[in-house]
Every structure is written in C-alpha cells, then in structure tokens.
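J.: Under UniProt numbering, the first residue of the sequence shown carries the number 1, and numbering increases by one thereafter.
Idealized CB from N, CA, C, for every residue including glycine.
Supplied in structure tokens, the structure appears directly below.
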Amino acid sequence: NALSAKDATEFYHVLQRYLAALLLGAPVITYYKYQREQLAVHWREWMTARTFSLYTTNRVYYNLERNTTAQGSASIDNPDQRIAEDVNTFTGYSLQLVITILTSLIDLASFSTILWSIYPELFGAIIIYATIGTVVTTLLGQPLVGLNFFQLQREADLRYVLVRLRDNSESIAFYAGEDLEGQAVERRLEQVMDNRREINKVQRNLEFFTNGYR
1 NALSAKDATE FYHVLQRYLA ALLLGAPVIT YYKYQREQLA VHWREWMTAR
51 TFSLYTTNRV YYNLERNTTA QGSASIDNPD QRIAEDVNTF TGYSLQLVIT
101 ILTSLIDLAS FSTILWSIYP ELFGAIIIYA TIGTVVTTLL GQPLVGLNFF
151 QLQREADLRY VLVRLRDNSE SIAFYAGEDL EGQAVERRLE QVMDNRREIN
201 KVQRNLEFFT NGYR
C-alpha cells in the first residue's frame, strides 16, 4: 500500500521492519533445522548401537542364521540392512512426523480460534470437510504401509544376491555359474519391480483424490 501510494516514509519503515525480521528469523530457522538434524543423528546413533547390542547378545546373530539354514526362510530377513538402513529411515521419518504433528496442532489451534470468532458455522463445515478427506486419504493410502515394507525387504534381497556374487566370485567363475546367478538376480529384480508398480498404482489413486479434494 505504501509503495502504491508513493509514501516513501512508510515504505522505508516497512522495509526496516522486514529487514529486522529477516535478520532475526534467519538464524533462528537455521539453528532450528540444525538442532533437528542433530537430534536425528543422536537418535540414530543410540538406536543403532542398541539394536546391534541386542543382535550380538547371547549369539542372536548365530541363532538367526542357523534357523534360516534349517528352515529355508528367515524369520528376520536381512538383519544387516535393517540395522544399517531401516534404523536410519525409522528415526528420520519418526522425528519428522512428530514435528509435523506438533506444528500442525499449533496452527490448528491458532487458526481455529480466529475462524471460530469470525464465522462459527464455517468452522464446523471445515472440520467436517477435513475429517472426510482425512478418512478417505487414510483408506486409500493404507496399502502403502505394507507395500513400502515389502519394497525395502525386496531391495535388500536384491542387494544380498549381488553381494553374494561379489563375495563368491572365485567359486562362481570356477563352475561357470554366471547364468544361474544371473537368473537369481533377475528373479529378485522382477520382485522389486512388481512391488514398485503396485506402489505406483496406489500412489496414483491417492493423488487423484488428494489433488481433487482440496
């Protein structure tokens, strides 16, 4: 308004306030993000150490391997991948979820108070609208929980086959087992791709709804 009215005095006052807010806000936002990442690092460090301790206590790692060999299938598959990657994924997403929920609750409380004071009927309509959207989104996105779990599992299986090829390269070359190993890689890769296609289908249906229901 000050700019359109050519009010130079007011314009410079607004500019000064903006610069002051920028100078104060930028360090706060940067430090907040830094502390959030530090918290994720400490949490992952603690959980990885704790998980590894449980994995090596009382020879659990040996018993798991024996059960896998005897039964032909693992009760806990790819423990190395779970310790190295799943812990990182869990801590990162969990921290992000908690922060998102807290900030959303603060925003909800603030804007709800303002909207209720202006137009209570509209506030009630928005609550109903948001509730319906949340329920439908949850139902449509529910399959992603299992599919994402299977995706991590099958990606780990594919890596295991490739690592086995590298670790046993001499014996595989000795009996010319490249074709057999290639078939194993192809099977694992096809499982990865099939699951990825299912994830894409669910995400497509979910985005159809979320993009239209706004």
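Applying the criterion that 16 or more other CB atoms from any shown protein chain within 10 Å of the CB defines a buried residue, is residue 87 buried or exposed?
T.: Classification of residue 87: buried, given that the 10 Å Cβ count is 16 or more.
J.: Look up residue 76 in the DSSP assignment and say whether it is helix, strand or coil.
T.: Note: residue 76 maps to coil in three-state DSSP.
J.: Measuring only the C-alpha atoms, how far is residue 37 from residue 28?
T.: So the two alpha carbons sit approximately 14 Å from each other.
J.: State the DSSP-derived secondary structure class of residue 49, mapped to helix, strand or coil.
T.: Residue 49: helix per DSSP, three-state reduction.
J.: Kindly indicate which residue of 79, 187, 45, 113 has the alpha-carbon position closest to the one of residue 61.
T.: Among 79, 187, 45, 113, the Cα nearest to that of residue 61 belongs to 79.
J.: How long is the line joining the alpha carbons of residue 52 and residue 34, rounded to whole angstroms?
T.: When rounded, the distance between both Cα atoms is 27 Å.
J.: What separation, rounded to the nearest whole angstrom, lies between the Cα atoms of residue 100 and residue 134?
T.: So the alpha carbons of these two residues sit roughly 15 Å apart.
J.: So residue 64 packs on residue 76, CB below 8 Å; how close in whole Å?
T.: Rounded, the Cβ-Cβ distance is 6 Å, consistent with contact.
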